Amino acid sequence: MSDNFQNHQRGLESPADRHQAITPSDTAPVVPRPRALWCQTAGDLAIEDRDGTRLTYAVAAGQILPFRAVRVLATGTTATVYGWD
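In this text, residue positions in the sequence shown follow UniProt numbering: the first is 1, and each later residue adds one.
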(Lines of atoms letter the chains of each structure in order from A and count residues from 1; the text may use other names and numbers.)
(Lines give C-alpha, C1' and ligand atoms only; values in the text may rest on other atoms or scores of the structure.)
Protein backbone atom coordinates (compact mmCIF):
# COMPACT_ATOMS: atom_id res chain seq x y z
CA MET A 1 0.00 0.00 0.00
CA SER A 2 1.36 3.43 -0.86
CA ASP A 3 1.80 6.12 1.78
CA ASN A 4 1.49 9.71 0.57
CA PHE A 5 3.31 10.90 3.70
CA GLN A 6 6.26 8.49 3.72
CA ASN A 7 8.72 11.31 2.93
CA HIS A 8 7.47 13.53 5.76
CA GLN A 9 8.95 13.43 9.23
CA ARG A 10 6.49 12.30 11.89
CA GLY A 11 6.02 14.86 14.67
CA LEU A 12 4.06 15.20 17.89
CA GLU A 13 1.21 16.90 16.02
CA SER A 14 0.97 14.02 13.53
CA PRO A 15 -1.98 11.65 13.74
CA ALA A 16 -1.44 8.20 15.19
CA ASP A 17 -0.61 5.42 12.74
CA ARG A 18 -0.61 2.42 15.12
CA HIS A 19 -3.14 1.14 17.58
CA GLN A 20 -3.08 -1.62 20.16
CA ALA A 21 -5.38 -3.27 22.63
CA ILE A 22 -4.17 -2.69 26.17
CA THR A 23 -4.42 -5.36 28.85
CA PRO A 24 -4.41 -3.61 32.23
CA SER A 25 -1.58 -4.66 34.56
CA ASP A 26 -0.36 -3.33 37.88
CA THR A 27 3.25 -4.24 37.03
CA ALA A 28 3.79 -4.40 33.25
CA PRO A 29 4.30 -1.16 31.32
CA VAL A 30 2.40 -0.38 28.13
CA VAL A 31 4.81 -1.08 25.25
CA PRO A 32 5.09 0.96 23.15
CA ARG A 33 3.90 3.90 25.20
CA PRO A 34 0.89 5.38 23.43
CA ARG A 35 0.34 9.01 22.44
CA ALA A 36 -3.26 8.78 23.57
CA LEU A 37 -5.78 6.35 25.04
CA TRP A 38 -9.13 5.66 23.39
CA CYS A 39 -11.90 4.32 25.59
CA GLN A 40 -13.94 1.58 23.93
CA THR A 41 -16.31 1.19 26.89
CA ALA A 42 -17.24 3.53 29.72
CA GLY A 43 -15.92 2.96 33.21
CA ASP A 44 -12.95 3.84 35.37
CA LEU A 45 -9.46 4.11 33.92
CA ALA A 46 -6.57 3.87 36.40
CA ILE A 47 -3.27 5.02 34.89
CA GLU A 48 0.29 5.68 35.99
CA ASP A 49 2.47 8.49 34.67
CA ARG A 50 6.25 8.58 34.19
CA ASP A 51 6.79 9.78 37.78
CA GLY A 52 4.80 6.88 39.22
CA THR A 53 1.74 8.96 40.08
CA ARG A 54 -1.44 6.90 39.84
CA LEU A 55 -4.87 8.45 39.25
CA THR A 56 -8.25 7.06 38.25
CA TYR A 57 -10.45 8.81 35.67
CA ALA A 58 -14.13 8.22 34.99
CA VAL A 59 -14.28 7.89 31.18
CA ALA A 60 -17.07 7.70 28.63
CA ALA A 61 -17.23 5.32 25.69
CA GLY A 62 -15.50 6.96 22.72
CA GLN A 63 -13.50 9.37 24.89
CA ILE A 64 -9.92 10.13 23.91
CA LEU A 65 -7.50 10.79 26.74
CA PRO A 66 -4.42 12.53 25.26
CA PHE A 67 -2.02 11.05 27.77
CA ARG A 68 1.16 8.93 27.45
CA ALA A 69 0.47 6.44 30.22
CA VAL A 70 3.32 4.25 31.45
CA ARG A 71 0.82 1.74 32.85
CA VAL A 72 -2.89 1.08 32.62
CA LEU A 73 -3.52 -0.47 36.00
CA ALA A 74 -5.61 -3.59 36.52
CA THR A 75 -6.60 -2.41 39.99
CA GLY A 76 -9.27 0.23 39.46
CA THR A 77 -9.72 -0.10 35.69
CA THR A 78 -13.15 -1.20 34.47
CA ALA A 79 -13.09 0.50 31.04
CA THR A 80 -11.80 -1.18 27.89
CA VAL A 81 -9.01 0.92 26.42
CA TYR A 82 -6.83 1.02 23.30
CA GLY A 83 -3.54 2.84 22.80
CA TRP A 84 -2.82 5.09 19.82
CA ASP A 85 0.75 5.76 18.71
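The beta carbon of each residue, even a glycine, is placed where N, CA and C say it ideally should be.
Just so it is clear, the structure is predicted and the values come from calculations on it, not from any experiment.
The beta carbon of residue 75 sits closer than 6 Å to those of 26, all from its chain and outside the five residues before and after it, given in chain order.
For residue 54, the enclosing beta strand (DSSP E) starts and ends at 54-59. When the beta-carbon positions are compared, residue 48 and residue 71 come within less than 8 Å of each other. With 16 or more other Cβ atoms inside 10 Å of its own Cβ, residue 59 counts as buried. Within the same chain, and ignoring the five residues on either side of residue 42 in sequence, the residues whose Cβ sits closer than 7 Å to its Cβ are 59, 60, 61 and 79.
Residue 73 sits in coil when the DSSP states are folded into three classes, being neither helix nor strand.
Boundaries of the beta strand (DSSP E) harbouring residue 44: 43-48, taken from the DSSP string.
A check of alpha carbon separations from residue 64 across 11, 9, 50 and 15 identifies 15 as the nearest.
Counting along the chain, residue 37 sits inside the beta strand (DSSP E) bounded by residues 36-39.
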